[in-house]
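Report on the following structure.
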Amino acid sequence: MTPAPSKAAIVPADAESGGGRALAGFLLSGFLLALLGAILPAWGYHRDPPDFTAVGNYFLSLAVGIVAAARLAPRIMAGRGLTFLLVSACALSCVALAYLALVSPPLSQWWRVAGLLALGIGAGLLDMGLFYAISRSYQADAAGTVNLGGIWYGLGCLAATLLVAGTFSAYYAVPSILLFMAAVPGVFAAIYARSSYAAPPAGTQPSLRQALADFRSPGAILFALLLFFQFGNEFSIAGWLPLLLIRRVGLSPSAALLTLALYWFCLMTGRLGAVAILPRVRHGRLLVGSVLLALFGCLILFSTNNGFGAAMGAVFVGCGYAPMYPLVAEAIGRRFPYYHPGFFNGIFSFALVGGLIAPATLGYLAVSQGVGVVMGIPLIGTCTVMVLILLIWLETKVTGR
1 MTPAPSKAAI
11 VPADAESGGG
21 RALAGFLLSG
31 FLLALLGAIL
41 PAWGYHRDPP
51 DFTAVGNYFL
61 SLAVGIVAAA
71 RLAPRIMAGR
81 GLTFLLVSAC
91 ALSCVALAYL
101 ALVSPPLSQW
111 WRVAGLLALG
121 IGAGLLDMGL
131 FYAISRSYQA
141 DAAGTVNLGG
151 IWYGLGCLAA
161 TLLVAGTFSA
171 YYAVPSILLF
181 MAAVPGVFAA
191 IYARSSYAAP
201 PAGTQPSLRQ
211 ALADFRSPGA
221 ILFALLLFFQ
231 FGNEFSIAGW
241 LPLLLIRRVG
251 LSPSAALLTL
261 ALYWFCLMTG
271 RLGAVAILPR
281 VRHGRLLVGS
291 VLLALFGCLI
301 LFSTNNGFGA
311 AMGAVFVGCG
321 YAPMYPLVAE
331 AIGRRFPYYH
341 PGFFNGIFSF
351 ALVGGLIAPA
361 TLGYLAVSQG
371 VGVVMGIPLI
381 GTCTVMVLIL
391 LIWLETKVTG
401 R
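What follows is the structure, encoded as structure tokens:
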């Protein structure tokens, strides 16, 4: 008697092609999460009197949305499936951006806090769905999948910043900018509605309970903390750099946004370069050099009084931060050779929350300390990353893993 085909065997043929579309979805993830830092000057938060508390509330609302999505996503996927989750995430993000277009200043900040909460939920649901959708691609080529996802994510961050910078200089009304941006998740919703995805073959990965048991190991905790602080460093710069350059250096909003785009460009291309030289360079030296370069860039941004210094600071910080993610992702792949979507999404979501809590904290500190404090958390965070790297090396030596 012929055995019944497995669940993986009866997946439609186009399910395999869905992996590429899923990886491209990280462009949308970067687009959504980089949007707030770019839109703040368009909302007028560079003017006097500054309302830095509201800026902190905005970033905190996004972080709360991502945490809420981590609880909602498994229930939605269990009840309606992966495609429904991806389409719902994109549709919710589209609606949230359209809503934000209707509640721009001078309306109360709390209307925008609510919209950003919905946007955070949409981004969190999207990330959860993407980590499940790329399961087969990851199992076929782990390093290529991680690196390609990072490239798409960086392109999304760069695209959001350039889009706002271009429309800002053309004197488009802020609602028009956001309505135009709302079309991006709408396009992805249509793409995912026509896609299907193959589930990972049974027995190729542990249960989520086993994966979480590994997450409680010292090594996994150190990796998660490293990503938490590193994303905090990156998004502190991304969220506050335009306001810092406008208020302290005197750049125009358009010039400040282009400097932010330069930062994202260096971060993205630096990661590509890091991937290319990883086999040829000792990883320890690369990490130490990256940390020192990032510290030097932070000091330039803190002390500069002109546009050239701001651009050079952005270049040094972007290039310094660039190798961190490829190196950590490679180390996680070696330490945890299996792939469990819930496990990897948990680490990534934890890092994203750190990436948003850091700029939120800066908003509350800037109320009393001034906008110059913006460079404080990246400086402290970069030093913390260096300490965590040393602890990971020590843990590796002790355990031999």
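The numbers in our numbering rise by one with no breaks, and the one at position 254 of the sequence shown is 254. All residues carry an ideal CB built from backbone N, CA and C; glycine is no exception.
Practice problem: Could you tell me the boundaries of the alpha helix (DSSP H) in which residue 273 lies? | Solution: Run containing residue 273: 253-277, per the alpha helix (DSSP H) assignment.
Quiz prompt | Enclosing alpha helix (DSSP H) for residue 111 [first to last residue] | solution = Counting along the chain, the alpha helix (DSSP H) containing residue 111 begins and ends at 109-133.
Quiz item: Three-state secondary structure (DSSP) at residue 71?
Solution: Taken through DSSP and simplified to helix, strand or coil, residue 71 comes out as helix.
Quiz item: By DSSP, does residue 314 sit in helix, in strand, or in coil?
Solution: In this structure, DSSP gives residue 314 a helical state, which the three-state scheme calls helix.
Quiz prompt | N-terminal and C-terminal residue of the alpha helix (DSSP H) that residue 285 is part of | solution = Segment 283-303, the alpha helix (DSSP H) holding residue 285.
Quiz prompt | Own chain partners of residue 89 with C-beta closer than 7 angstroms, once the 5 adjacent residues on each side are dropped | solution = Cβ within range, chain order: 122, 125, 126 and 129.
Quiz item: In terms of residues, what are the limits of the alpha helix (DSSP H) holding residue 185?
Solution: Here the alpha helix (DSSP H) through residue 185 covers 174-193.
Quiz item: Out of curiosity, what's the CA-to-CA distance linking residue 35 and residue 61?
Solution: When rounded, the distance between both Cα atoms is 14 angstroms.
Quiz item: Which of helix, strand or coil does DSSP assign to residue 43?
Solution: Of the three classes helix, strand and coil, the one that applies to residue 43 here is coil, per DSSP.
Quiz item: Looking at residue 229 and residue 37, is the spacing between their C-beta atoms short of 8 angstroms?
Solution: No.
Practice problem: Figure out for me which residue from 320, 297, 319 and 318 has the closest Cα to the Cα of residue 309. | Solution: Here the closest residue by C-alpha is 297.
Practice problem: Excluding the 5 residues preceding and the 5 following residue 256 in the sequence, name in chain order all residues of the same chain whose CB lies nearer than 6 angstroms to its CB. | Solution: Closer than 6 angstroms at the Cβ level, and outside the excluded window around residue 256, lie 242, 245 and 246.
Quiz item: Between the C-alpha atoms of residue 175 and residue 101, what's the straight-line distance to the nearest angstrom?
Solution: Cα to Cα, residue 175 sits roughly 4 angstroms from residue 101.
Quiz prompt | residue 17 burial status per 10 Å Cβ neighbour count (16 or more: buried) | solution = Because the pLDDT at residue 17 is just 44, under 50, the model does not fix this residue reliably, and the point stays unresolved.
Quiz item: Leaving out five residues before and five after residue 222 in sequence, what residues of the same chain have Cβ atoms less than 8 angstroms from its Cβ?
Solution: If we look at residue 222 and ignore the five residues flanking it on each side, its Cβ neighbours are 388, 391, 392 and 395.
Quiz item: How is residue 306 classed by DSSP in three states: helix, strand or coil?
Solution: Of the three classes helix, strand and coil, the one that applies to residue 306 here is coil, per DSSP.
Quiz item: What's the call for residue 195, buried or exposed, on a 16-neighbour Cβ count within 10 Å?
Solution: It counts as buried.
Quiz item: Taking one C-beta from the region 353-372 and one from the region 44-64 each time, how about it: are there three or more such pairs within less than 8 angstroms?
Solution: Short answer: they touch.
Quiz prompt | For residue 237 and residue 378, believed in contact at Cβ under 8 angstroms, the rounded distance | solution = Between residue 237 and residue 378 the Cβ distance is about 6 angstroms, and since that is below 8 angstroms, they are a contact.
Quiz item: Are the beta-carbon atoms belonging to residue 147 and residue 382 less than 8 angstroms from one another?
Solution: No, the pair does not count as a contact, with Cβ atoms beyond the cut-off.
Exercise. Pull up the distance between the alpha-carbon of residue 115 and that of residue 65, whole angstroms please.
Key: Straight-line Cα distance between these residues: approximately 10 angstroms.
Quiz item: Do residue 486 and residue 157 have their C-beta atoms within less than 8 angstroms of each other?
Solution: This structure cannot settle anything about residue 486, because the visible part of the chain is limited to 1 through 401.
Quiz item: Using a Cβ-Cβ cut-off of 6 angstroms (strictly less than) and excluding sequence neighbours within five positions of residue 57, which residues of its own chain qualify?
Solution: Within the same chain, residue 57 has close Cβ partners 113.
Quiz prompt | Exposure of residue 326, with buried meaning 16 or more beta-carbon neighbours within 10 Å | solution = Label assigned to residue 326: buried.
Quiz item: With 16 other CB atoms within 10 Å as the buried threshold, where does residue 75 fall?
Solution: Counting Cβ neighbours within 10 Å, residue 75 comes out exposed, since fewer than 16 surround it.
Quiz item: What residue from 105, 109 and 97 has the CA that sits closest to residue 119's CA?
Solution: Of the listed residues, the one whose Cα sits closest to residue 119 is 97.
Quiz item: According to DSSP, is residue 389 helix, strand or coil?
Solution: If DSSP states are grouped into helix, strand and coil, residue 389 belongs with the helices.
Quiz item: Within this structure, are the beta carbons of residue 267 and residue 192 separated by less than 8 angstroms?
Solution: Between residue 267 and residue 192, the C-beta spacing is not below 8 angstroms.
Practice problem: Rank 86, 136 and 250 by C-alpha distance to the C-alpha of residue 190 and give the top, closest one. | Solution: Nearest of 86, 136 and 250 to residue 190, Cα basis: 86.
Quiz item: Excluding five sequence neighbours on each side, which residues of the same chain lie with their C-beta closer than 6 angstroms to the C-beta of residue 69?
Solution: Residues of the same chain with a CB within less than 6 angstroms of the CB of residue 69, apart from the 5 flanking positions on each side, are 121, 124 and 125 in chain order.
Quiz item: If you count every other CB in all the chains shown that lies within 10 Å of the CB of residue 303, and 16 or more means buried, which is it?
Solution: Exposed, because fewer than 16 other Cβ atoms sit within 10 Å of the Cβ of residue 303.
Quiz item: Taking DSSP as the reference, what is the three-state secondary structure of residue 95?
Solution: Helix, per DSSP.
Quiz prompt | Closest residue to residue 397 among 218, 249 and 362 (Cα-Cα distance) | solution = Minimum Cα distance to residue 397 is reached at 218.
Quiz item: Any idea what DSSP makes of residue 104, helix, strand or coil?
Solution: Residue 104 falls in the coil class under three-state DSSP.
Practice problem: Indicate the three-state DSSP secondary structure (helix, strand or coil) for residue 50 in the structure shown. | Solution: Of the three classes helix, strand and coil, the one that applies to residue 50 here is coil, per DSSP.
Exercise. State the DSSP-derived secondary structure class of residue 61, mapped to helix, strand or coil.
Key: The answer is helix: DSSP assigns residue 61 an H, G or I state.
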